[in-house]
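Encoded as structure tokens, the structure appears first; notes follow it.
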């Protein structure tokens, strides 16, 4: 694919999933159901965006391997992404089954699982960042210029 979608899409689920958990904490601490309802929507949108980012990442995988990126590094990133998506899907399913109403104990368990999900999301982002910044995945190098692009400021 000439136009990589993965780096465009990936930031949305990261932000949405983190803000979802933050809204849950706000909703509980402030006793505001609107925050909890917002958290549900953010979780759904974050999961949807995560699935889209994973599909786009899968489409970019061959290009990364052809560019010399080790398959094991790509697979590690992909595994973390899949774990994160499964955790977030379980969280969304639990909210829908419980109709977004939790007992104190159930909500504590939900937050514990959500925290694990955020940690796996961090691992996903970290391994993806390593692919780009340490190994050059998706990075096109510019040809070296034989002449300076800007005129010299030293009179030359």
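Residue numbers (our numbering): 33 to 188.
Quick reminder that beta carbons are idealized off the backbone N, C-alpha and C, glycines included.
Quantities reported herein were computed from a predicted structural model and do not represent experimental measurements.
Classify residue i as helix, strand or coil using the three-state DSSP reduction.
| i | result |
| --- | --- |
| residue 98 | helix |
| residue 37 | coil |
| residue 68 | helix |
| residue 133 | coil |
| residue 80 | helix |
| residue 92 | helix |
| residue 169 | coil |
When we look at the beta-carbon of residue i and count the other beta-carbons within 10 Å, is it buried (16 or more) or exposed?
| i | result |
| --- | --- |
| residue 52 | buried |
| residue 127 | buried |
| residue 56 | buried |
| residue 125 | exposed |
| residue 129 | exposed |
| residue 161 | exposed |
Report all residues from its chain with a CB closer than 7 Å to the CB of residue i; omit the five preceding and five following residues, and keep chain order.
| i | result |
| --- | --- |
| residue 84 | 41 |
| residue 155 | 112 |
| residue 115 | 152 |
| residue 121 | 79 |
| residue 39 | 170 |
Quick one, which of the options has its alpha-carbon nearest residue i's?
| i | options | result |
| --- | --- | --- |
| residue 132 | 93, 98, 59 | 59 |
| residue 48 | 162, 78, 82, 111 | 78 |
| residue 76 | 141, 90, 105, 117 | 117 |
| residue 63 | 93, 134, 111 | 134 |
| residue 146 | 110, 172, 123, 94 | 123 |
| residue 105 | 169, 143, 34, 81 | 169 |
| residue 91 | 110, 45, 143 | 110 |
| residue 68 | 97, 139, 99 | 139 |
Give me, in chain order, the residues of the same chain whose beta-carbon lies closer than 8 Å to that of residue i; leave out the 5 immediate sequence neighbours on both sides.
| i | result |
| --- | --- |
| residue 148 | 119 |
| residue 93 | 106, 110 |
In terms of residues, what are the limits of the alpha helix (DSSP H) holding residue i?
| i | result |
| --- | --- |
| residue 137 | 136-165 |
| residue 121 | 103-129 |
| residue 50 | 43-61 |
Beta-carbon within less than 6 Å of residue i's beta-carbon, same chain only, minus the 5 sequence neighbours each way: which residues are those?
| i | result |
| --- | --- |
| residue 37 | 88 |
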